[in-house]
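Participant: Numbering (my numbering), first residue to last: -12 to 185.
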């Protein structure tokens, strides 16, 4: 006869699925019972989802691929779309830009604020690439993609909440954009991240 799972085991299973979707690591500790593991996972997910958000823009004094983003600035990163294609990648996060808060080991890109667009009333696709290089990100498919359509005027502001995997602190990030049906089109952004220890 097949044993019916306990409520705690069902909760644990649901938490593991949610943790996997959030990119949280869910290692099993030897001898740990379901209730204890569920409590540990709940605490981990709570810290992951309810973390403080910090906003970044272009660094006042960028330094190669190490330092690209400053906290507490309104200077935007600007990308330019290609000819009905993606334009060039612009680095938005350097290897020394995270952790923002000492002791954190991971970060998530949480929200993108599009401050200005050149091609309003056009659908845009933005790719955020994470990794050592853009070529590595493309090869390993560590790309986050979002689609938005600004309407009204070229200065229309759009805020886009992002759901993606978390990355190790120190992981570099780049962004590029495509304005559908347009030969070019600049997009200016700021972005917010959350960080976590586990």
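C-beta: ideal position from N, C-alpha, C; glycine also.
So, are the CB atoms of residue 43 and residue 162 less than 8 Å apart?
Facilitator: Against a cut-off of 8 Å, the Cβ pair of residue 162 and residue 43 comes out as no contact.
Participant: Could you pull the DSSP bridge partners for residue 105 from this structure?
Facilitator: Per DSSP, none; premise fails for residue 105.
Participant: Would you check if the distance between the CB atom of residue 190 and the CB atom of residue 147 is smaller than 8 Å?
Facilitator: This structure leaves residue 190 out entirely; the chain is present only between -12 and 185.
Participant: Any beta carbon of chain C sitting closer than 8 Å to that of residue 106?
Facilitator: Chain labels in this structure do not include chain C; a single protein chain is all it has.
Participant: DSSP puts residue 94 in a beta bridge; with which residues?
Facilitator: Residue 94 is bridged to 154, 182.
Participant: Label residue 174 either buried or exposed according to how many other C-beta atoms from any shown protein chain fall within 10 Å of its C-beta, with 16 as the threshold for buried.
Facilitator: The residue is buried, with at least 16 neighbouring Cβ atoms inside 10 Å.
Participant: To the nearest angstrom, how far is the alpha carbon of residue 145 from that of residue 139?
Facilitator: Approximately 11 Å between the Cα atoms of the pair.
Participant: Can you give me the C-alpha to C-alpha distance between residue 39 and residue 179, rounded to a whole angstrom?
Facilitator: Taking the straight line joining both Cα atoms gives about 10 Å.
Participant: Between the beta-carbon of residue 114 and the beta-carbon of residue 132, is there less than 8 Å?
Facilitator: Going by C-beta atoms, residue 114 is nearer than 8 Å to residue 132.
Participant: So residue 164 packs on residue 66, CB below 8 Å; how close in whole Å?
Facilitator: So it is a contact: roughly 5 Å between Cβ atoms.
Participant: How big is the Cα-Cα spacing for residue 51 and residue 78?
Facilitator: If you take the alpha carbons of residue 51 and residue 78, they lie about 10 Å apart.
Participant: Go to residue 127, then tell me how far its alpha helix (DSSP H) extends in each direction, as first and last residue.
Facilitator: That run of the alpha helix (DSSP H) goes 121 to 127.
Participant: Considering only their Cβ atoms, is the gap separating residue 181 from residue 95 smaller than 8 Å?
Facilitator: Cβ distance < 8 Å, so residue 95 and residue 181 count as in contact.
Participant: Compare the Cα-Cα distances from residue 171 to each of 48, 68, 177 and report the closest residue.
Facilitator: Ranking the options by Cα distance to residue 171, first place goes to 68.
Participant: How is residue 173 classed by DSSP in three states: helix, strand or coil?
Facilitator: Residue 173: strand per DSSP, three-state reduction.
Participant: Please report how far the alpha carbon of residue 191 lies from the alpha carbon of residue 72, in whole angstroms.
Facilitator: This structure cannot speak to residue 191, because the chain is shown only from -12 to 185.
Participant: Beta carbon of residue 118, beta carbon of residue 53: below 8 Å?
Facilitator: Result no, Cβ atoms of residue 118 and residue 53 do not sit closer than 8 Å.
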